[in-house]
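So in UniProt numbering, spot 52 of the sequence shown is number 52, and the numbers just go up one at a time.
Glycine included, each C-beta is placed from N, C-alpha and C at the ideal position.
Given the structure is predicted, the values throughout are model-derived calculations rather than measurements.
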Amino acid sequence: MERLANTGNDGEPMLADLMWAFDEIGFNNLSGAPTAVIGRTGKKRQYQQQGANREMTTVLVAICADGTTIPPAQIFKGKGYSVTWQRNDPVNAMVGYSKKGWTDNEIGLEYAKHFERMTHAKANGRFRCLSVDSHASHVSRAFLQFCREHKIHVPCYVAHGTHIYQGLDVVCFSPLKSEFGKERDKHMRETGHPITKDTFAMIYGKAHLHTMTPDLIKTAFRKTGLWPVDRNVVTQEMMAPSKATSIKIYTPAEPPTPVR
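In structure tokens, the structure reads:
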């Protein structure tokens, strides 16, 4: 990353507005943090109405080291597309679908094209850097070839290291999921209806706008050492293998007489 930051723009240094990272996150009717509720005195458990649908929707989010972001991509589970999925969407997300609601190589390539469209004018002919994890759809031949043809560097995080290097995982996704849960519960209280494909974009969009602030995005890059590039942010202790915590278990001694 140091070499890329110093010479990645055709031999010239990269600037903050050229450094990007993206990752995906899944949502369903259970996503979100636990919430505090007010109930009757003496009642230990409080219950909240929730939708029965556990269908997963994947959202692809890209952030820039200058604190900006681009419209996300939302991947629904389905066999076809409906125009109602983009109704009342405050972030104007790209929408797609797949058999299981996950990304695949085809969707990964379409997202690369989306990223190019959304950042082309800002780059103004300069090279961009898009950091990704090693998911197959992020490093497919078609994905990498398209990025190469459009002056987009694609560094990849080391395997099993996204919990340290991926700023979206480290900083952004937890508050995003928590805010999504609040918006989903508010929608349920106000309308009496659970979240559906037709209302997901509206609910997620509100959470996205509330959470993905310039300060949070810049913190994500700084805390993982991606921008400003700082190798000292990741210590040897953080990269050390997990300690073995298993202990040897002994079975109880066999009783002298049968237990009746």
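Check	Outcome
Tell me the DSSP secondary structure of MET212 in three-state form.	coil
Determine the extent of the alpha helix (DSSP H) in which MET238 is found, giving its start and end residues.	236 to 239
Could you spell out the range, first to last residue, of the beta strand (DSSP E) harbouring ASP185?	Counting along the chain, ASP185 falls outside any beta strand (DSSP E), though it belongs to the alpha helix (DSSP H) covering 173 to 191.
Which ranges would you report for the beta strand (DSSP E) in the UniProt domain "DDE-1" (54 to 199) if only whole runs of at least 3 residues count?	57 to 64, 73 to 77, 94 to 98, 128 to 131
Give the straight-line distance between the Cα atoms of residue 302 and ILE25, rounded to the nearest whole angstrom.	The requested residue 302 is not part of the displayed model; the chain covers only 1 to 260.
Determine the DSSP secondary structure at MET202, reduced to helix, strand or coil.	helix
Note the first and the last residue of the continuous beta strand (DSSP E) segment covering GLU24.	19 to 27
Quick check on DSSP: helix, strand or coil for LEU15?	coil
Start and end of the alpha helix (DSSP H) containing ARG3?	2 to 7
Residues in its own chain within less than 6 Å of ALA159 by CB, not counting five upstream and five downstream?	SER134
Count Cβ pairs between the region 208 to 216 and the region 173 to 189 that sit closer than 8 Å; are there 3 or more?	yes
State the Cα-Cα distance for the pair CYS172 and PHE76, rounded to the nearest angstrom.	22 Å
Count the CB pairs spanning the region 92 to 112 and the region 229 to 245 that are closer than 8 Å, and state whether there are at least three.	no
What residues match up with VAL229 in a beta bridge as DSSP calls it?	LEU226
By the three-class DSSP mapping on this structure, what secondary structure does ALA220 have?	helix
If you drop the 5 nearest sequence neighbours on each side, which residues of the same chain put their C-beta closer than 6 Å to that of GLU2?	VAL229
Quick one: any contact between the region 105 to 114 and the region 138 to 151, if contact means 3 or more CB pairs under 8 Å?	yes
Around the C-beta of ALA220, are 16 or more other C-beta atoms found within 10 angstroms, so that it is buried, or is it exposed?	buried
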